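Beneath this line is the structure, given in structure tokens, with notes to follow.
Protein chains: 2
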Amino acid sequence: MNSEFIIAVHSLVLLAHKPDCMASSEEIAANVCTHPARVRKVLGFLRKSGYVATREGSGGGYRLIKDPTDMTLADIYREMASGSLTPSWCSGNPEMDCMVGSNMQDVMNAVFCGAEQKLEAYFAEITIGQMLSRIKERQHV
Amino acid sequence: MNSEFIIAVHSLVLLAHKPDCMASSEEIAANVCTHPARVRKVLGFLRKSGYVATREGSGGGYRLIKDPTDMTLADIYREMASGSLTPSWCSGNPEMDCMVGSNMQDVMNAVFCGAEQKLEAYFAEITIGQMLSRIKERQHV
DNA sequence: CCAACTGTAACTGTTAGTATTACAGTAACC
DNA sequence: GGTTACTGTAATACTAACAGTTACAGTTGG
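Just so you know, the sequences run in chain order G and U.
Residue numbering for the first sequence follows full-length UniProt numbering, beginning at 1 and increasing consecutively.
Residue numbering for the second sequence follows full-length UniProt numbering, beginning at 1 and increasing consecutively.
The structure is reproduced here in structure tokens:
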């Protein structure tokens, strides 16, 4: 899976854990374990999608502006990593003079479209709020 | 998705289409559109798993030895590409002094284990025989 | 023996992905 | 109004994964 998806989810969970609190890219990067520039890039997408608000300048940073129980992993997947299941490599060739070789691409493609739908359906059942709850549960043990 | 998975599926469908027929790695590679050495590597795995029989030497090649309706994509996935959904990249760090950062790895891991199970369940419903049928249907149109 | 294969391992080139650097733009604070 | 602390974004460097290829030993049939 795309690392940007993971950075996005982790950042949103972190922001959900500290509501109404501005977090800088440096703070988030330290928590996620990556470079601040990557965080800025990813959260830039989430801003355009309306999940977070940003403030530039001194004392600026990122803030959650959506209900954590109203953001599913499917939303983030579609935003950040859609099609990551679909193979980059293709077998066969439609021009080929063989029933199997010439139709394999389309059939294989249909299989992976179905797989992607199943994956999204699974992700649609998991919200950022639930992710935070699971983390809290682990802490209690 | 792993290209070896695709090569494996394509090769099995091709062999299922030509029952009792020995196909050389060169023939299969031409149909799949890759190098014979890759086909030999992939079909080597499928031999060890009991899907195909191989014969070395002159006139040798590969032959299907299992019922196409008895091989699912899930079997092949487990063999060739298991864990391909699981991200190679990990956020957070268990040593961290933050509830979110220290538990994220485990929670994220659980999410992807679930996703992998959903994916396998989907693949378990598709057999090599069905793949061949889908190709035949397309041909008629 | 020769020709046609598989089985493997090693090497190469290319692409994708992560980390890093750099700098312009913006806002708060003294 | 200048300094400081940020975001936004593009460019670059480094690394790992992957597909392609070459090479050769081992095997079998004629």
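All C-beta atoms in this analysis are idealised placements derived from N, C-alpha and C, irrespective of residue type, glycine included.
Here the structure is a predicted model, which is why all the values come from computation and not from measurement.
Span separating the alpha-carbon of residue i from that of residue j
{"i": "Tyr122 (chain U)", "j": "Gly57 (chain G)", "result": "49 Å"}
{"i": "Phe112 (chain U)", "j": "Ala124 (chain G)", "result": "13 Å"}
{"i": "Arg47 (chain U)", "j": "Ala16 (chain G)", "result": "51 Å"}
{"i": "Ser88 (chain G)", "j": "Met1 (chain U)", "result": "7 Å"}
{"i": "Val107 (chain G)", "j": "Met131 (chain U)", "result": "7 Å"}
{"i": "Cys33 (chain G)", "j": "Glu137 (chain U)", "result": "50 Å"}
{"i": "Val42 (chain G)", "j": "Ile7 (chain G)", "result": "7 Å"}
{"i": "Asn109 (chain G)", "j": "Glu116 (chain G)", "result": "10 Å"}
{"i": "residue 146 (chain U)", "j": "Pro19 (chain G)", "result": "The first residue shown for chain U is 1 and the last is 141, placing residue 146 (chain U) beyond what the model contains."}
{"i": "Lys72 (chain G)", "j": "Lys66 (chain G)", "result": "Reading the sequence as shown, one finds Thr at residue 72 (chain G) and not Lys. So the alpha carbons of these two residues sit roughly 11 Å apart."}
{"i": "Ser11 (chain U)", "j": "Leu12 (chain G)", "result": "43 Å"}
{"i": "Val52 (chain U)", "j": "Met104 (chain G)", "result": "20 Å"}
{"i": "Gln139 (chain G)", "j": "Asp97 (chain U)", "result": "12 Å"}
{"i": "Arg55 (chain G)", "j": "Pro94 (chain U)", "result": "30 Å"}
{"i": "Gly83 (chain U)", "j": "Arg78 (chain G)", "result": "21 Å"}
{"i": "Leu14 (chain G)", "j": "Gly129 (chain U)", "result": "47 Å"}
{"i": "Thr127 (chain G)", "j": "Gly114 (chain U)", "result": "14 Å"}
{"i": "Met99 (chain G)", "j": "Val9 (chain G)", "result": "44 Å"}
{"i": "Ala81 (chain U)", "j": "Glu120 (chain G)", "result": "20 Å"}
{"i": "Asp75 (chain U)", "j": "Gly44 (chain U)", "result": "15 Å"}
{"i": "residue 170 (chain U)", "j": "Cys90 (chain G)", "result": "The requested residue 170 (chain U) is not part of the displayed model; chain U covers only 1 to 141."}
{"i": "Ala37 (chain U)", "j": "His35 (chain G)", "result": "40 Å"}
{"i": "Leu85 (chain G)", "j": "Phe5 (chain U)", "result": "12 Å"}
{"i": "Ser49 (chain G)", "j": "Gly50 (chain U)", "result": "49 Å"}
Residue i burial status per 10 Å Cβ neighbour count (16 or more: buried)
{"i": "Gly92 (chain G)", "result": "buried"}
{"i": "Asn31 (chain U)", "result": "buried"}
{"i": "Arg134 (chain U)", "result": "buried"}
{"i": "Gly101 (chain G)", "result": "buried"}
{"i": "Thr69 (chain G)", "result": "exposed"}
{"i": "Val141 (chain G)", "result": "exposed"}
{"i": "Ala29 (chain U)", "result": "buried"}
Notebook entry, point to check: If contact means a Cβ-Cβ distance below 9 Å, which residues of the segment 69-100 of chain U contact chain G?
Noted result: Leu73, Ser84, Leu85, Thr86, Pro87, Ser88, Trp89, Cys90, Ser91, Gly92, Asn93, Met96, Cys98, Met99, Val100
**OP:** Please list the segments of the alpha helix (DSSP H) lying wholly inside the segment 53-135 of chain U, counting only runs of 4 or more residues, in order along the chain.
**Re:** 73-80, 99-123
**OP:** Taking 8 Å as the threshold, find out whether the segment 18-31 of chain U comes into contact with the segment 50-66 of chain U through three or more Cβ pairs.
**Re:** yes
Could you list the residues in the segment 118-131 of chain G with a C-beta less than 9 Å from some C-beta on chain U, going in chain order? Lys118, Leu119, Ala121, Tyr122, Phe123, Ile126, Met131
_Residues of the segment 8-23 of chain G in Cβ contact with chain U at a cutoff of 8 Å, in chain order, please._
Val9, His10, Val13, Leu14, His17
**Asked** Any residues in the segment 103-115 of chain G with a beta carbon nearer than 8 Å to a beta carbon of chain U? Which ones, in chain order?
**Response** Asn103, Met104, Asp106, Val107, Met108, Ala110, Val111, Phe112, Gly114, Ala115
- Query: Using a beta-carbon distance cut-off of less than 8 Å, what residues from the segment 33-57 of chain U approach chain G?
  - Reply: Cys33, Thr34
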